[in-house]
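Enquirer:
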């Protein structure tokens, strides 16, 4: 994945977690942990491209895709911006 794809994946994972927290509980605590592990591994890869990704399981990925569809249906806008995106914008 290139840097833009990684940034988009990080944002998508964070948005799915926000939807679960603010709108509709979709993930178990364990699934949320797995999603956060993938997010933080992608952040690590941005500074160390040799690091290996830690993707979520296929079942969690299916739930993420379901959440993304619900985000579109509900036109969900999170209460708080993604702190990672905020940090990227302010570094430029």
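Residue numbers (my numbering): 18 to 109.
Even for Gly, the Cβ is constructed at its ideal location relative to N, Cα and C.
1. In angstroms, rounded to a whole number, what distance separates the CA positions of residue 96 and residue 40?
2. Is it right to say residue 90 is buried, meaning 16 or more other beta carbons lie within 10 angstroms of its own, or is it exposed?
3. Under the assumption that residue 36 contacts residue 84 (Cβ atoms under 8 Å), give the Cβ distance between them as a whole number of angstroms.
4. Taking Cβ positions, are residue 20 and residue 87 nearer each other than 8 Å?
5. Within a Cβ cutoff of 8 Å, which residues of the same chain sit near residue 109, ignoring the five residues on either side of it in sequence?
Expert: Looking at the atomic coordinates:
1. 10 Å
2. Around the CB of residue 90, fewer than 16 other CB atoms lie within 10 Å, so the residue is classed as exposed.
3. 5 Å
4. No, the pair does not count as a contact, with Cβ atoms beyond the cut-off.
5. Residue placement at residue 109 is flagged as unreliable, the pLDDT there being 46, under the threshold of 50; the coordinate-derived value follows with that caveat. None.
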